[in-house]
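Just below is one structure, and these are the notes that go with it.
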Amino acid sequence: MKKISLNKIFRILMIILSILVLFIISNLALMYYVLVIQDAPPPPTESNIKEMKELLVFWIVLVVENSFLILFTKNKEFVE
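Numbering (our numbering), first residue to last: 1 to 80.
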């Protein structure tokens, strides 16, 4: 049975934390939209759906890229 290093556990926890932060930020933005603007969202059009898909792909790429950076960086110091 392989030992899991504390560093790997910390990196996995950082990935989970970053996903949770993105989820919380998106929910806060939705709450702001609903409570402050208090307007029903417009019905989706094809251009809106395309923009939403592009934004979703952007966020997924961002989360995956950050996850790989957290998991596979050997240097623990920040690059200055």
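We put the CB at the ideal spot given by N, CA and C, even for glycine.
Just so we're clear, the structure is a prediction, and the values are computed from it rather than from any experiment.
Check, Outcome
"If I follow the unbroken alpha helix (DSSP H) through Tyr33, where does it start and stop?", "Unbroken run through Tyr33: none, as it is neither H nor E."
"Which whole-angstrom value is the C-beta distance of Ile9 and Ser67, which I expect to be below 8 Å?", "No, Ile9 and Ser67 are not in contact; Cβ-Cβ is about 15 Å, not under 8 Å."
"Give me, in chain order, the residues of the same chain whose beta-carbon lies closer than 7 Å to that of Leu22; leave out the 5 immediate sequence neighbours on both sides.", "Trp59 and Val63"
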